[in-house]
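The working numbering numbers the first residue of the sequence shown as 4 and each following residue consecutively.
Positions of the beta carbon are idealized from the N, C-alpha and C atoms, including for glycine.
Following: one structure in structure tokens, then a few remarks.
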Amino acid sequence: ETQFDVVLLDLSLPDKQGLITVAQTHEAVPDLPIVVLTGFTDKVTGIEALRQGAQDYLIKGKIDSELLFRAIRHGIERVQTLKRLRHSEEQLQRLNEELECRVTEQTEELRQKNQYLQREITQRQRLEEELRNALTKEKELSELKSNIISVVSHEYRTPLATILSSAELLEHYGHKWSQHKRQRHFQRIQNTVHHMTQLISDVLLINKAEAGKLNFKPVPLDLVTFCQELIEELQLTAKTKHQIDFQNLGVCHAVCMDEKLLRQFLTNLLSNAIKYSPGGGKIQFDLIFAPDTVTFRIKDSGIGIPQKDQDQLFDAFYRSSNVGTISGTGLGLAIVKKCVERHNGKIRVESEVNVGTTFTVIIPLKNQDVEEKGREGEGERFLLEVIKQI
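Structure below.
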């Protein structure tokens, strides 16, 4: 029952019993890295050991402490990376299964309502309206599921290829590289996994919003300080050359808002302003206080949004026709709208192609008595927490 980090296996017998041991060990404990030590000078034996499941092989006459340490460390790191990748894939599978269950539940609810309609003719008009609503909701959920599967599958293809490429390069050439070059590839894998995790988090958020289960927990906030700190964080992480000019207009006073949702929609709007202004330039961020409202206005000088796209701009998975090769999933602005609406707020957009875009969010300041709608189930909460830890 002892747990081992790595196995060092000496192929000292010429009858290949050692290679059989490699295969048996790998079959019994697939996640345990095996580093083979061989006295054979030809590469055939080492390559055969790799085929049997070993992570690396070293020729005993050419081993020094640094080479042995590097081989052990690379074996452990590669196995850990593959574990994280499998874990990500399992979360995606669980998400797909959850969406399947939701559609099944809606279908069963529709069947029961249809039976009730046949028994209660006198209530036909009311039940027909309920039936239409259920059909609409089922169609929306079905379309949402299809879009999620399509986008996630597409968006995961490139990151998975990136992870696989870096892992294979580290496996075969890592022992020849400098520490800096190896670290660059490990960082590449970590960044890619973070991107995949963020995509799943966005999908979960939009899914909860569509189901009416987006939590709303307003707390007192100092908006000026909050916005200033958010800008500092964004400029630090995005490493952008864009200048964000923040102005506080009006008389500041205490407000109650959901900090998590506020951070989500402001981050998305500011990130979009940066991303869709590839030429750099200034981004104007105004915080405007009024007696009964607070307004957030974010203006950029980027590529703009065609008039024909503006009506669908806040639909999930919809992207403007002029984004070109700029990457994105079409979830960002849909999430913004859901977060704003959860505050009983409104959002509008003004844009001109090749001139820039202005988003204006107006939030009423009487949110303290807004009742929280719905609570996420234990399974959904568990899934979200696990994904955040990937």
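Simplified DSSP assignment, three categories, for L292: The sequence shown places Phe at residue 292, rather than the Leu named in the question. DSSP, read as helix, strand or coil, puts F292 in strand.
Kindly indicate which three-state DSSP category P223 falls into: helix, strand or coil? For P223, the secondary structure class from DSSP, reduced to helix, strand or coil, is strand.
So, with DSSP's three-state summary, where would you put T240? It is helical.
Three-state secondary structure (DSSP) at Y60? DSSP places Y60 in the strand class (E or B) of the three-state scheme.
Apart from the five residues just before and just after K116, which ones in its own chain have a Cβ nearer than 8 Å to its Cβ? Taken in chain order, the residues that qualify are L130, E133, L134 and A137.
Mapping DSSP to helix, strand and coil, what is V258? In this structure, V258 counts as strand in the three-state DSSP scheme.
Should Y60 be labelled buried (16 or more other beta-carbon atoms within 10 Å of its own) or exposed? With 16 or more other CB atoms across the displayed protein chains lying within 10 angstroms of its CB, Y60 is buried.
Kindly indicate the opening and closing residues of the alpha helix (DSSP H) around G215. Unbroken run through G215: none, as it is neither H nor E.
Do you know whose CA, among P221, T270 and L252, lies nearest L1's CA? This structure does not reach residue 1, given that the chain is present from 4 up to 393, and the question cannot be answered.
Taking the C-alpha atoms as reference points, what is the distance between L12 and R76? Across the structure, L12 and R76 are spaced so that their CA atoms are roughly 15 Å apart.
Whether or not the stretch 200-214 and the stretch 172-186 are in contact is what I'm after, with contact meaning three or more pairs of Cβ atoms, one per stretch, closer than 8 Å; do they touch? Taking 8 Å as the limit for Cβ pairs, the verdict is that the stretch 200-214 does not touch the stretch 172-186.
Flag this pair as yes or no: are the beta carbons of C342 and L224 separated by less than 9 Å? For C342 and L224, no; Cβs fall outside 9 Å.
Would you kindly check if the distance between the Cβ of I37 and the Cβ of G49 is under 9 Å? No, they are not a contact pair.
Exposed unless 16 or more other CB atoms sit within 10 angstroms - verdict on N275: Burial call: buried.
Within its chain, find whatever has a CB closer than 8 Å to the CB of L22; leave out the 5 residues flanking it on each side and keep chain order. Its chain contains L14, T48, E51, A52 and Q55 as the residues whose beta carbon lies nearer than 8 Å to that of L22, once the 5 sequence neighbours on both sides are disregarded; these appear in chain order.
Starting from T41 and walking both ways along the beta strand (DSSP E), at which residues does that stretch end? Unbroken beta strand (DSSP E) run through T41: I37 to T41.
On a Cα-Cα basis, can you pick out the residue from V358, F292 and H346 that is closest to K285? With distances taken between CA atoms, K285 lies nearest to V358 out of V358, F292 and H346.
Buried or exposed: which applies to A31, given that a residue is buried once 16 or more other Cβ atoms fall within 10 Å of its Cβ? Flag for A31 reads exposed.
With 16 other CB atoms within 10 Å as the buried threshold, where does K278 fall? Using a 10 angstroms sphere on the CB of K278, the tally of other CB atoms reaches 16 or more, which defines it as buried.
Residue(s) in a DSSP beta bridge with G325: Per the sequence shown, residue 325 should be read as Asn rather than Gly. Bridge pairing for N325: absent [DSSP].
Distance between T298 and N370 (C-alpha atoms, nearest Å): For N370, the pLDDT reaches just 49, beneath the cut-off of 50, and the residue's location in the model is therefore unreliable, leaving the point undetermined.
Leaving aside the five residues before and after Q2 along the sequence, list all residues of the same chain whose C-beta is less than 8 Å from its C-beta, in chain order. Given a span of 4 to 393 for the chain in the structure shown, any question on residue 2 remains unanswerable.
Report all residues from its chain with a CB closer than 6 Å to the CB of L237; omit the five preceding and five following residues, and keep chain order. Residues L273 of the same chain have their beta carbon placed closer than 6 Å to that of L237, with the five preceding and five following residues left out of the count.
In its own chain, which residues sit with a C-beta less than 7 Å from the C-beta of R322, not counting the 5 before and 5 after it? Excluding residues within five positions, the ones whose Cβ falls inside 7 Å are G331 and G333.
Which residue's Cα is closest to the Cα of L368: V9, L163, P294 and I247? Minimum Cα distance to L368 is reached at P294.
Pick out whichever of K46, E232 and E69 has its Cα sitting closest to the Cα of I62. The shortest Cα separation from I62 among K46, E232 and E69 belongs to K46.
State the DSSP-derived secondary structure class of E111, mapped to helix, strand or coil. Under the three-state reduction of DSSP, E111 is assigned to helix.
Range covered by the alpha helix (DSSP H) that runs through G49: That run of the alpha helix (DSSP H) goes K46 to R54.
Mind checking who S354 pairs with in its DSSP beta bridge? As DSSP reads the structure, S354 sits in a beta bridge with T360.
Beta-carbon proximity list for F7, same chain, < 7 Å, skipping 5 on both sides: These residues qualify, in order along the chain: L35.
Exposed or buried, K311, counting other C-beta atoms within 10 Å across all chains shown (16 or more means buried)? Its Cβ having fewer than 16 others within 10 Å, K311 is exposed.
Within the continuous beta strand (DSSP E) that includes V10, where are the two ends? V10 to L14 is the extent of the beta strand (DSSP E) around V10.
Residues in the same chain with beta-carbon distance under 8 Å from V326, minus the five sequence neighbours each way, listed in chain order, please. Cβ neighbours of V326 beyond the five flanking positions: Y279 and I306.
H256: which of T107, E108, Q27 and F292 sits nearest, CA to CA? Among T107, E108, Q27 and F292, the Cα nearest to that of H256 belongs to F292.
How close, in whole Å, do the beta carbons of I209 and A337 come, if the pair is a contact with beta carbons under 8 Å? So it is a contact: roughly 6 Å between Cβ atoms.
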